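Worksheet: one structure, shown below.
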Amino acid sequence: MIDPRPLTAGVMGWPIKHSKSPRIFGHWFQESGIDGRYSHLAVEPSDFIDVLRALPKAGFRGINVTLPHKLSALEAADRCTPTAREIGAANTIIFRQDGEILADNTDGFGFIQNLRSAVTGWDASQGSSVVLGAGGAARAVLHALKEAGAPEIRVSNRSRDKADGLAAEFGPVVTVVEWSERSSALSGSATLVNTTSLGMTGQPELEIALDPLPRSALVTDIVYNPLVTPLLAAASSRGNTTVDGLGMLLHQARPGFEAWFGIDPIVDDALR
Ligand code: ATR
6 MIDPRPLTAG VMGWPIKHSK SPRIFGHWFQ ESGIDGRYSH LAVEPSDFID VLRALPKAGF
66 RGINVTLPHK LSALEAADRC TPTAREIGAA NTIIFRQDGE ILADNTDGFG FIQNLRSAVT
126 GWDASQGSSV VLGAGGAARA VLHALKEAGA PEIRVSNRSR DKADGLAAEF GPVVTVVEWS
186 ERSSALSGSA TLVNTTSLGM TGQPELEIAL DPLPRSALVT DIVYNPLVTP LLAAASSRGN
246 TTVDGLGMLL HQARPGFEAW FGIDPIVDDA LR
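Numbering (this note's numbering), first residue to last: 6 to 277.
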């Protein structure tokens, strides 16, 4: 069935000015010849549900959702994907033509696709992973690593109770390591992921001795500002393969573009 609705989508958050999504979508519109619109929607938390329900009436095919609305988006949708339910948050909303509001979470997809496309042969099932942090981003990363067949995921977080909560939720594949022991957790691991905000511009550096980490391990950071975080620089200088966090942001946007506009867009150097 042909969809007569305008080619309109956007990103909702509070604040939202910093979002790079309109630039990502603008590039893809240009590349694919789609005459689409993708807007910043600055919406206060108390108005979220009203605005969400009104957008289909304004011709929107869907929206991305960012902080602080990711949990509300999951709760307000008529239906959600198993992935969104398991991660406990939504970042992509699809307004179906029949009126149903569907919530998905593509952050884990973005995480895995970024590693797969950056490193030929990388496979989560081939060794233990270490995940630093236990916030919202860690949930998406854990979900993705587990789905991809990771045999063991060691989670270390400053507040231990949050890591314990993730272990209880995600099951025996997750083991918890004290924050003070995060360095020794690297021993024998194949993948190291920083999901904390440490290393971001304006934040303290992530302090971790990389000595126990095998040189064959892949190191990635979800922080992409700066592109080369101190963690990635240190890992790279000792010979580890590193992948920056920008690719996760770019790949997580793909499923929304495809659901709304019918094309799986390409993440390449021009987009970066
Ligand atoms: P996000 O949704 O991006 O994951 P978040 O839920 O606020 O954001 O999580 C931020 C993560 O960075 C948490 O794991 C946090 O640790 P706590 O759970 O102990 O707060 C971690 N983090 C932030 N600042 C930190 C610091 N100075 N030292 C160690 N960990 C820090």
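Glycine included, C-beta positions come from ideal geometry on N, C-alpha and C.
As the structure is a prediction and not an experimental result, all values here were calculated from the model.
Check whether the Cβ atoms of T125 and T111 sit closer than 8 angstroms, and answer yes or no.
The residue given as residue 125 occupies position 120 in the sequence shown. The residue given as residue 111 occupies position 106 in the sequence shown. No, the pair does not count as a contact, with Cβ atoms beyond the cut-off.
Quick one: residues with CB closer than 6 angstroms to any heavy atom of the ligand ATR, in chain order, please.
G138, A139, G140, G141, A142, A143, N162, R163, S164, K167, T200, T201, S202, L203 and P209
Can you tell me where the beta strand (DSSP E) with H45 in it begins and where it stops?
Working through the sequence shown from its first residue, we reach residue 45 at position 40. Looking at the DSSP string, the run of the beta strand (DSSP E) that includes H45 is R42 to A47.
Kindly indicate the opening and closing residues of the beta strand (DSSP E) around M17.
Position 12 of the sequence shown holds residue 17. Element bounds for M17: T13 to G18.
Status (buried if at least 16 other CB within 10 Å, exposed otherwise) for S221
Reading the sequence shown from its first residue, position 216 is the one you call residue 221. Exposed, because fewer than 16 other Cβ atoms sit within 10 Å of the Cβ of S221.
Own chain partners of A239 with C-beta closer than 7 angstroms, once the 5 adjacent residues on each side are dropped:
The residue given as residue 239 occupies position 234 in the sequence shown. So the list reads L215, once near-sequence residues are dropped.
Using beta-carbon positions only, say whether G250 and T201 come within less than 8 angstroms of one another.
If you number the sequence shown from 1, residue 250 lands on position 245. If you number the sequence shown from 1, residue 201 lands on position 196. Not closer than 8 angstroms, so no.
So which of F65, K75 and E212 has the shortest CA-CA distance to S185?
Sequence index remark: in the sequence shown, residue 185 carries index 180 (1-based). Looking at the Cα atoms, E212 is the closest of the given residues.
Nearest-angstrom Cα separation, counted from D52 out to D83
Here residue 83 is taken as the residue at index 78 of the sequence shown, counted from 1. Here residue 52 is taken as the residue at index 47 of the sequence shown, counted from 1. Roughly 18 angstroms separates the two Cα atoms.
Inside the segment 89-154 only - alpha helix (DSSP H) runs reaching at least 4 residues:
112-123 and 141-152
Would N21 and L46 qualify as a contact pair, given that the criterion is a beta-carbon distance under 8 angstroms?
Reading the sequence shown from its first residue, position 16 is the one you call residue 21. Reading the sequence shown from its first residue, position 41 is the one you call residue 46. One point to set straight first is that residue 21 is Ile, not Asn, in the sequence displayed. For I21 and L46, yes; Cβs fall inside 8 angstroms.
Is R277 closer than 8 angstroms to P270 when the C-beta atoms are compared?
Residue mapping note: residue 270 aligns to position 265 of the sequence shown, counting from 1. Residue mapping note: residue 277 aligns to position 272 of the sequence shown, counting from 1. Contact flag unset, no.
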